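Report on the following structure.
In the numbering used here, the protein residues as written are 1 to 68.
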């Protein structure tokens, strides 16, 4: 009996994306890693929240995260 091949998770994608409860791909917003004092409080608040990946890219990202 042949062994089933294990698929490796792309580590770069695993650090950047998570699968939500409904099956969509979550991502963090860009521009919230440094230089927060230059941005307005309102802009910093919105950058804190997570965003969803566009539907066109979802299939490709899910392929990189086989066990997510």
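Note that beta-carbon positions come from the ideal geometry of N, C-alpha and C, so glycine has one too. On a predicted model such as this, the values are computed, not experimentally measured, just so you know.
{"Check": "Excluding the 5 residues flanking residue 7 on each side, which residues of the same chain have their C-beta closer than 7 Å to its C-beta?", "Outcome": "66"}
{"Check": "Which of the three DSSP states, helix, strand or coil, is assigned to residue 60?", "Outcome": "helix"}
{"Check": "So is residue 27 in contact with chain D if we call contact Cβ pairs under 9 Å?", "Outcome": "Here chain D cannot be found, since the structure has a single protein chain."}
{"Check": "Going by beta carbon distance, what residues of the same chain come within less than 7 Å of residue 39, once the five residues before and after it are set aside?", "Outcome": "none"}
{"Check": "From this set, 48, 16 and 5, which residue's C-alpha is nearest residue 31's C-alpha?", "Outcome": "48"}
{"Check": "Who are the near neighbours of residue 17 in its chain, counting only those whose CB is closer than 6 Å to its CB and skipping five residues on each side?", "Outcome": "25, 27 and 61"}
{"Check": "Work out the CA separation of residue 46 and residue 59 for me, nearest whole Å.", "Outcome": "26 Å"}
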